[in-house]
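Enquirer: Have a look at this one before I ask anything.
There are 4 protein chains.
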Amino acid sequence: MSERIKEHCGLYGVFGHPQASELTYLGLYALQHRGQESAGIVSADNHRLHARAGNGLVADVFHDHGVFSRLQGTSAVGHVRYSTAGDSSNRNIQPFVVTTKDGPLAVAHNGNLTNAESLHQELSAEGAIFQTSSDTELIVHLVARSQAETLSERIREALERLEGAFSLLFLSPTGLIAARDTHGFRPLVVGKKGESVMVASETCAFDLTGTTFVRDIEPGEIFEVDSGGQKSLRFGKPKLCQCVFELIYFTRPDSYIWGDPVDRSRRRFGRRLAEEAPAKADIVISVPDSSNTAALGYAHASGIPYEIGLIRNHYIGRTFINPSPFMRTFNTRIKYNTVAEVLEGQRVVLVEDSIVRGTTLKKLVGLLRRAGVREIHVRVSSPPIGHPCFYGMDFPTKKELIAAWNSEEEIRNFLQVDSLRYLSLDGLLQCVPGKAADFCTACFSGNYPVPIPPGEGRALLEETGEAWAQGELERLLSGLT
Amino acid sequence: MSERIKEHCGLYGVFGHPQASELTYLGLYALQHRGQESAGIVSADNHRLHARAGNGLVADVFHDHGVFSRLQGTSAVGHVRYSTAGDSSNRNIQPFVVTTKDGPLAVAHNGNLTNAESLHQELSAEGAIFQTSSDTELIVHLVARSQAETLSERIREALERLEGAFSLLFLSPTGLIAARDTHGFRPLVVGKKGESVMVASETCAFDLTGTTFVRDIEPGEIFEVDSGGQKSLRFGKPKLCQCVFELIYFTRPDSYIWGDPVDRSRRRFGRRLAEEAPAKADIVISVPDSSNTAALGYAHASGIPYEIGLIRNHYIGRTFINPSPFMRTFNTRIKYNTVAEVLEGQRVVLVEDSIVRGTTLKKLVGLLRRAGVREIHVRVSSPPIGHPCFYGMDFPTKKELIAAWNSEEEIRNFLQVDSLRYLSLDGLLQCVPGKAADFCTACFSGNYPVPIPPGEGRALLEETGEAWAQGELERLLSGLT
Amino acid sequence: MSERIKEHCGLYGVFGHPQASELTYLGLYALQHRGQESAGIVSADNHRLHARAGNGLVADVFHDHGVFSRLQGTSAVGHVRYSTAGDSSNRNIQPFVVTTKDGPLAVAHNGNLTNAESLHQELSAEGAIFQTSSDTELIVHLVARSQAETLSERIREALERLEGAFSLLFLSPTGLIAARDTHGFRPLVVGKKGESVMVASETCAFDLTGTTFVRDIEPGEIFEVDSGGQKSLRFGKPKLCQCVFELIYFTRPDSYIWGDPVDRSRRRFGRRLAEEAPAKADIVISVPDSSNTAALGYAHASGIPYEIGLIRNHYIGRTFINPSPFMRTFNTRIKYNTVAEVLEGQRVVLVEDSIVRGTTLKKLVGLLRRAGVREIHVRVSSPPIGHPCFYGMDFPTKKELIAAWNSEEEIRNFLQVDSLRYLSLDGLLQCVPGKAADFCTACFSGNYPVPIPPGEGRALLEETGEAWAQGELERLLSGLT
Amino acid sequence: MSERIKEHCGLYGVFGHPQASELTYLGLYALQHRGQESAGIVSADNHRLHARAGNGLVADVFHDHGVFSRLQGTSAVGHVRYSTAGDSSNRNIQPFVVTTKDGPLAVAHNGNLTNAESLHQELSAEGAIFQTSSDTELIVHLVARSQAETLSERIREALERLEGAFSLLFLSPTGLIAARDTHGFRPLVVGKKGESVMVASETCAFDLTGTTFVRDIEPGEIFEVDSGGQKSLRFGKPKLCQCVFELIYFTRPDSYIWGDPVDRSRRRFGRRLAEEAPAKADIVISVPDSSNTAALGYAHASGIPYEIGLIRNHYIGRTFINPSPFMRTFNTRIKYNTVAEVLEGQRVVLVEDSIVRGTTLKKLVGLLRRAGVREIHVRVSSPPIGHPCFYGMDFPTKKELIAAWNSEEEIRNFLQVDSLRYLSLDGLLQCVPGKAADFCTACFSGNYPVPIPPGEGRALLEETGEAWAQGELERLLSGLT
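Protein chains in written order, with numbering that gives the first Met the number 0: chain R, 0 to 480; chain X, 0 to 480; chain L, 0 to 480; chain G, 0 to 480.
In structure tokens form, the structure reads like this:
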């Protein structure tokens, strides 16, 4: 995807390892693609919690190794974050640490609640105070108010009240608890490294920490590990509904989620796309790096050679404060450059994993034209995105989704390419691991597995497409170089 | 006082002025002596609150004037702080900002609750979560839980539950509320600047902002100002019990509290001391700057010339992280130097406002000896401090108070001075403004006007004086140069 | 190359454009791969120079757009740097700005002098003072001391004294001067954007700034542009000797240097390697990203499918201060992960552009083994590096170059791979653009085109290989996971 | 002085003490009043120099004690600075460290050269390059160019070329050298602490480091100490001409310079002022803190009681970036407050050490009026300042000196006070220690002991007083509250 989706979050947890906080650092390092805005680690030494967090990349927040000597203990949880709900102020950096009647408690959250608004009203009315704008604080309030006997039962009672998507890690001074919502929207996996237990958003983090994958946390499972061993509680009525977009774009290709390597799914999407939407072309190129695997699949299935025609600049650093209009016009070029030698005079299949607004892709098309390509055939390895996500994938409002208001031909015309084809939803679902019915495809189909109550969803849906019809295209085009 | 008392806090509030946050900055600047650890300002623009806070001096936290353009609105509250309860982490910086069913609310607090521990337990048991270790969060929980109808009534209900010392400022998007505990331990004054209402810990802040003093907030008063005008509610059973130590040391001499200029009280303490404890000497000098006024009073009453024999270095900057033992021995010298020309061969009356541990004073005596003074007669413009404070003055534990375990003669011997005399408690009380019965003298007399429940007070009292008898003096002496 | 060569520097210059400093920023952004340690920009407004520089990435040093309003003027030069000579202190950040009899002058330098030591001694003896440890300061001293009539002639006189590699940019308040050493070791190109003149280390920077490539600065050319137009002076006796390693590894593949796209050369290296050193394998993978193009060439020539078997983590952030031994063992894994799905059970050709110490490659081999590959056939798209570089490529000392002391078979054994083959020097030279004789191959051949005087070269050459024989391998292996 | 003179610099040096850099830190701490803009320390360990410097107070630049472990060695020099020549950029922070043919050399400088411009032109013409805008770099160039045999002789050769004011410290890896210009404008004293040698700008620094004063460095003396012992060289033709303003304002009152305690001189100024210019008044107050001693002298001689009527806020912190006009009007009030109790209804003698522009004093007068004083009699303990200083005291240009263009009566009227009297120059000179002829009084008399060549002096003198006549007063007044 050449446009940035505001990515959600990554979680890592350790129980029972002398280097708990260092391993959590490494796990977060591998999960950095799930969020670059802030990073935090909380460790537990059986008596107290120790916390450290800040804005920026994991390697920047923890660049002085001395911090690990202060993050004492044999358990830890960590979080990388790009906010999906809540603003980006310091108070919202996770893990979230509070004191309750249970003593200190840390919580790290990946996902988005759909009944946050009503819970907030209910708790406020009862006298709750809020210091952040995050869903996580809601969860902690519910846990603290529960009169159930043990912490894990209090958590169960709290989670029964939640609707929407959540993968969660809790850390008390003596134990680690992981939980996943009843639909299992977001991944969460358990592993072992010797006697230690590890939990992560994706298995690529296990590869880095030398951990063996054991199993997924199941939908509606509360998994607890402490000095007494492991045990699981269940809550709600599980109905598997995994986010298919994790497979298409978000998860790293070297991860293994939901019973299958991600790389394998993406390759199948590319192969299937080649079958559904062949093209007469000289080379296949991808929008690096997220579309690489699908492009390879397309190339192998079609017999058209795979080439590297776009170079991505990886030295990104901090984003500009107050860029000038002059500078803003360089947004896309600053990230991508073309390899003229590869492209000149060629008919090109450009494989992209998905299209959100279409504006960045349009600029890339401009770069390719300037590099002398003869024809451009865009092939998208997922269906058109016509509906916003309420479960933690930070698409924009419906108003801004190009496919919500335009036909394939209109989009092709907007992009000014020779042909444009999407993978069909049916084709996509034939390529996913396991059963098609176990996936959420709301962003493509509009079938929301968890209903969105009125008032929730921050007006994502209310917008009409009028704007598109009446000048949005022009506005968007005016920003292009 | 030559030893630093960990100072409590200063408050400033503005209602109805277009430069609300700038005036708050100026007010805090004048109150900086009440706390140098952190500074914060929250403003209100009728719809939202805007906050900015940080560790350090007011001028450092707000050194870029651009911050005021973000602190929009015509009302504001500010806080400077040296923690008396709670650690010094970022989360504890005030004003404390939360969202409750009333919407956003900011609170700034000066004082110390004596029933914090039991309130914490009670609220925790009911499911409250705590993100700070400050008393202020307790107060906000109580306000948020109240089911009374208006914000000011909810505040009244909350304050009824509190015991101990508190001067408070609350800011909502539309109004400012100030309150003072039923004993009136800490000062809090109201002023007017044109149509605007100002609230401050001390009148010296009004001098800086060009504000006219109107009156004290009364003990047990909740003073509210919003677009509808001013009104007051009452709570509890007022019994005036003002902290006499504010007069002796803490308040700035140019402030006017409790119906009288502070300078006048201190001058009376000095004059009275000269009558109670005359000395045969050539000059009177003070420990600058807090004892200057008392020393002037002593000089004028005794006829002995006032001189400047000690120079204080005001370029203090940040405190050392990890000083070496070598560096530590320079602690006192780095702050004070002697003027040999003034001191050599002289019999000196050294006026000090109070003695806590006595260690810094002992080092000063050493400096004076090295400068060639012939005799040193220490005169203290307050009685011996034998009891810790539970109402917000951060004395150390009873164990460390030199006068709790030693006679005047033992202290004189410890200090190695020619004579030592304190002002009598009776003498002190004859010099305070208003009625003697209206003052708290617990640190001198041990008569605590608000009882200290078991479990509260964090072991300040439990310590015995054994340590003093068995080596404390030696330990203390070993640190001296 | 999987081991980091301490990269040298990148230069960008603008003359005659109202957004001179912003364009320089963009140019440096594209050249970031040439140096990540520090970045600096100096602009000229006909009267004065304005400078801004700092440690870190371009985007971090210049992240507040306000800096450009202070970098006024229509000319500018910029520099990104990884020190090859000189330590990394702040004083050494470039561009280097001084005042001479000509007024203010800024200099940015890419390369390494071979007679720095003797020039330093000579200048010191004459009374020169040095504030940095960089070669650049030497150059400025020579310019300042010249009694020639114009600045460009003084520069010519200075450059006549230099030996070794240098591409240089000079900025005075009124003009821009670019120069390249007589061997043309490092690239330096001129472009035009409307009426403005641009100079850059590589053409990829022109792509970003929308500049049209015009020509190379020639060896021994001093190119000057000011309000009077452009002109060139010549110095020394040009003898083209371009660094072949720029083609192999250092330059970006989308750049066009020395008359040819870099991508084309690398692809030829890969194809030639496939002919010289075929392998029986199922897939071809590269060490990303620098070896991608050569791997594609190998795949296309051999008919073995190209695959993505290694994923590189691009979220690098700051390097650790004081990593623990535990953390150090994760050095390689933190950068690379394997795609098990692609690799398992496969016979793999692993294309690497070059081998310096061999230690990182060995760790990568370990990762591939753990991912289940059946056979590993390493193919290196350049010859064995047996000799250090004195012209600005920061290889380590001869002692540490694995190919200086070990046969191909010994290296294969060290790496524990099934086969290892390098591209022949002869094969390499048949693939370069233009004439083979126009390239420096000293690191492969030991034929140094500019002699290295005794005392220069900081002991790079003096080390014997004894260490390798007597335990270097063991030492290196002990650091591996 | 209630207006800030941009203060010059303070120096401290240590030879032969294991805690050399820590003692230098302490010395600078005591000298902080001589410059608050930057602080730096360089230490020597017989082989290398180690440096650390930064903008801000000594305690801020060196707040982490770990820095001293990196400032190794038994010798050190330190510098605090408020620039008198040169801008305030980082490059100008002292000590200045370079490498010359002698190896590394550090220099710290207090003073101002009057032939800097011509030396700069001469050295530039010979090919010198300049990286700073400080006089110090000129001195180092001259030392480096000297062909004399030893470092101290090269320094002598260099100093022979200098005109103006300079107290200097040089540090090589093995020795410390101190020098003072032939007029001895600025103080520089030698002390001993055990076997170690100390050098400082003022003796108050010796008090802090426990050092015994030995003697002044003499005018035209180069004092050298190394492992071979101490020795002195002489240069130029000494003609003592000590800055009388050091006695009036700049030096700390507890220092002992030029054979006498500063406190004693100031007290004499005050006594003499009382004789020359008596007043009918109830109390004497000073502008704190610099005028305190003179005010005491005035009070004792006149018999009018000394009082503290103005309180100075010592929590200054950083200066505002971009203050608003609103904020600017609080400039004076933020520093001073009145003690109404002391002032109300009184006839006041206000003792001020000197008047430069008069604007701050005017604002203070306003504050006093608002506090209810009945009469204000300003008494200045030095003569009218009518001439700028070229020897390191940073007065403004002649244009801005109020006494250069206005009579005493005009100034009185401008200040709006009941009476105004200055100490006579004759009276001043009768109170200085030693011979009157040994002092520079150029700022009062216009007799410049070292001539100011045309071109030097940065237009300080060229301005006419027209501006004053034509509206300066109005402009100044408009800024007042």
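Virtual Cβ for every residue (Gly too), placed ideally from N, Cα, C.
Here the structure is a predicted model, which is why all the values come from computation and not from measurement.
Within 10 angstroms of its Cβ, does G/A458 collect 16 or more other Cβ (buried), or is it exposed?
Expert: One-based indexing of the fourth sequence puts residue 458 of chain G at position 459. Residue placement at G/A458 is poorly supported in this model, since its pLDDT is 47, which falls under 50; the coordinates are not used for a value here.
Enquirer: Between which two residues does the beta strand (DSSP E) harbouring L/I176 extend?
Expert: Your numbering for residue 176 of chain L matches position 177 in the third sequence. 174–179 is the extent of the beta strand (DSSP E) around L/I176.
Enquirer: Straight-line CA distance for X/L127 to R/R214?
Expert: Here the question's residue 127 of chain X lines up with position 128 in the second sequence. Here the question's residue 214 of chain R lines up with position 215 in the first sequence. Checking the sequence shown, residue 127 of chain X turns out to be Ala, not Leu. For X/A127 and R/R214, the distance between alpha carbons rounds to 35 Å.
Enquirer: Around the Cβ of L/S68, are there at least 16 other Cβ atoms within 10 angstroms (buried) or fewer (exposed)?
Expert: One-based indexing of the third sequence puts residue 68 of chain L at position 69. By the 10 Å Cβ count, L/S68 comes out exposed.
Enquirer: If we count Cβ pairs, one from each stretch, closer than 8 Å, do we get three or more for the segment 94–108 of chain X versus the segment 14–31 of chain X?
Expert: No, because fewer than three Cβ pairs between the segment 94–108 of chain X and the segment 14–31 of chain X fall closer than 8 Å, the two stretches do not touch.
Enquirer: Going by DSSP, which residues form a beta bridge with X/K192?
Expert: Sequence index remark: in the second sequence, residue 192 of chain X carries index 193 (1-based). Paired residues: X/S195.
Enquirer: State yes or no: is the C-beta of G/R160 nearer than 7 Å to some heavy atom of the ligand COA?
Expert: Among the components modelled here there is no ligand, and therefore nothing to report on the ligand COA.
Enquirer: Curious, which full-length alpha helix (DSSP H) runs of at least 4 residues does the segment 340–405 of chain R contain?
Expert: You should have 358–369, 401–404.
Enquirer: Excluding sequence positions up to five away, which residues of its chain have a Cβ less than 6 Å from the Cβ of L/G470?
Expert: Taking the first residue of the third sequence as 1, we reach residue 470 of chain L at position 471. Confidence at L/G470 is low in this model, with a pLDDT of 42, below 50, so the placement of that residue should be treated as unreliable; the coordinate-derived value is given next. Same-chain partners within the cutoff: there are none.
Enquirer: Kindly indicate which three-state DSSP category G/Y11 falls into: helix, strand or coil?
Expert: Start at 1 with the first residue of the fourth sequence, and residue 11 of chain G comes out as number 12. G/Y11: strand per DSSP, three-state reduction.
Enquirer: Tell me, which residues are paired with G/A278 by DSSP?
Expert: If you number the fourth sequence from 1, residue 278 of chain G lands on position 279. Beta-bridge pairing links G/A278 to no other residue.
Enquirer: The alpha helix (DSSP H) spanning X/N412 covers which residue range?
Expert: Counted from its first residue, the second sequence places residue 412 of chain X at position 413. Element bounds for X/N412: 407–414.
Enquirer: Determine, using beta-carbon pairs with one atom in the segment 236–248 of chain L and one in the segment 406–420 of chain L, whether at least three such pairs fall under 8 Å.
Expert: The segment 236–248 of chain L vs the segment 406–420 of chain L: no contact.
Enquirer: Using the DSSP secondary-structure output, state which residues sit across from R/N312 in a beta bridge.
Expert: Position 313 of the first sequence holds residue 312 of chain R. Paired residue(s): none; R/N312 is not in a bridge.
Enquirer: Just to check my reading of the structure: L/V224 and L/S285 have Cβ atoms closer than 8 Å, yes? What is that Cβ distance to the nearest angstrom?
Expert: Walking along the third sequence from the start, residue 224 of chain L turns up at place 225. Walking along the third sequence from the start, residue 285 of chain L turns up at place 286. Not confirmed; about 41 Å, so no contact.
Enquirer: Given that a residue counts as buried once 16 or more other Cβ atoms are within 10 Å of its Cβ, and exposed if not, what is L/H7?
Expert: Along the third sequence, read from residue 1 onward, the residue named residue 7 of chain L stands at position 8. L/H7 should be labelled buried.
Enquirer: To the nearest angstrom, how far is it from the Cα of G/E407 to the Cα of G/S380?
Expert: As a working mapping, residue 407 of chain G is identified with position 408 in the fourth sequence. As a working mapping, residue 380 of chain G is identified with position 381 in the fourth sequence. Rounded to the nearest angstrom, the two C-alpha atoms are 14 Å apart.
Enquirer: Out of curiosity, what's the CA-to-CA distance linking X/L272 and R/V41?
Expert: By one-based count along the second sequence, residue 272 of chain X stands at place 273. By one-based count along the first sequence, residue 41 of chain R stands at place 42. Going from the Cα of X/L272 to the Cα of R/V41 covers about 56 Å.
Enquirer: Mind listing which residues of the segment 214–246 of chain X have their C-beta closer than 8 Å to chain R's C-betas, in chain order?
Expert: Correct list: empty, as no residue qualifies.
Enquirer: Rounded to a whole number of angstroms, what is the C-alpha to C-alpha distance between L/S323 and L/D206?
Expert: Walking along the third sequence from the start, residue 323 of chain L turns up at place 324. Walking along the third sequence from the start, residue 206 of chain L turns up at place 207. Their Cα atoms are separated by approximately 42 Å.
Enquirer: Please confirm if R/F61 has its CB atom under 8 Å from at least one CB of chain X.
Expert: Within the first sequence, the letter at position 62 stands for residue 61 of chain R. No, R/F61 does not count as interfacial toward chain X.
Enquirer: X/I451 and G/T292: beta carbons closer than 8 Å?
Expert: Taking the second sequence and counting its residues from 1, the one referred to as residue 451 of chain X is at position 452. Taking the fourth sequence and counting its residues from 1, the one referred to as residue 292 of chain G is at position 293. Not closer than 8 Å, so no.
Enquirer: Could you pull the start and end residues of the beta strand (DSSP E) that X/D215 belongs to?
Expert: The residue labelled residue 215 of chain X in the question sits at position 216 within the second sequence. Counting along the chain, the beta strand (DSSP E) containing X/D215 begins and ends at 211–215.
Enquirer: Say whether chain X places a C-beta atom closer than 8 Å to the C-beta of G/P94.
Expert: In the fourth sequence, the residue the question calls residue 94 of chain G occupies position 95. Not closer than 8 Å to any Cβ of chain X, the Cβ of G/P94 fails to qualify, so no.
Enquirer: Under 8 Å, Cβ to Cβ, is there at least one residue of chain G near L/V379?
Expert: Residue numbering aside, residue 379 of chain L sits at position 380 when the third sequence is read from its first letter. Chain G, which has no Cβ nearer than 8 Å to the Cβ of L/V379, makes this no.
Enquirer: Please name the residues in the segment 244–263 of chain R whose beta-carbon is closer than 7 Å to at least one beta-carbon of chain L, in chain order.
Expert: The residues in question are R251, P252, D253, P260, D262, R263.
Enquirer: Enumerate in chain order the residues of its own chain whose CB-to-CB distance from G/S87 is below 7 Å, with the five nearest sequence positions on each side excluded.
Expert: As a working note, residue 87 of chain G is residue 88 in the fourth sequence. Unreliable positioning characterises G/S87 in this predicted model, as indicated by a pLDDT of 47, which lies under 50. A coordinate reading is not provided.
Enquirer: Please list the partners that L/S123 has in chain G, where partner means a Cβ-to-Cβ separation under 7 Å.
Expert: As a working mapping, residue 123 of chain L is identified with position 124 in the third sequence. Correct list: T99, K100.
Enquirer: Indicate whether R/S200 and R/P186 have their beta-carbon atoms separated by less than 8 Å.
Expert: Residue 200 of chain R sits at position 201 when you count from the first residue of the first sequence. Residue 186 of chain R sits at position 187 when you count from the first residue of the first sequence. Yes.
Enquirer: Could you please tell me which residues of the segment 131–146 of chain R, in chain order, have their CB closer than 7 Å to any CB of chain X?
Expert: Those residues of the segment 131–146 of chain R that come within reach of chain X (Cβ to Cβ, closer than 7 Å) are V139, H140, A143, R144.
Enquirer: By Cβ distance below 8 Å, which residues in the same chain neighbour R/D259 in space, the five residues on each side in sequence not counted?
Expert: Here residue 259 of chain R refers to the residue found at position 260 when the first sequence is read from its first residue. For R/D259, where only same-chain residues beyond five positions count, the Cβ hits under 8 Å are P432, G433.
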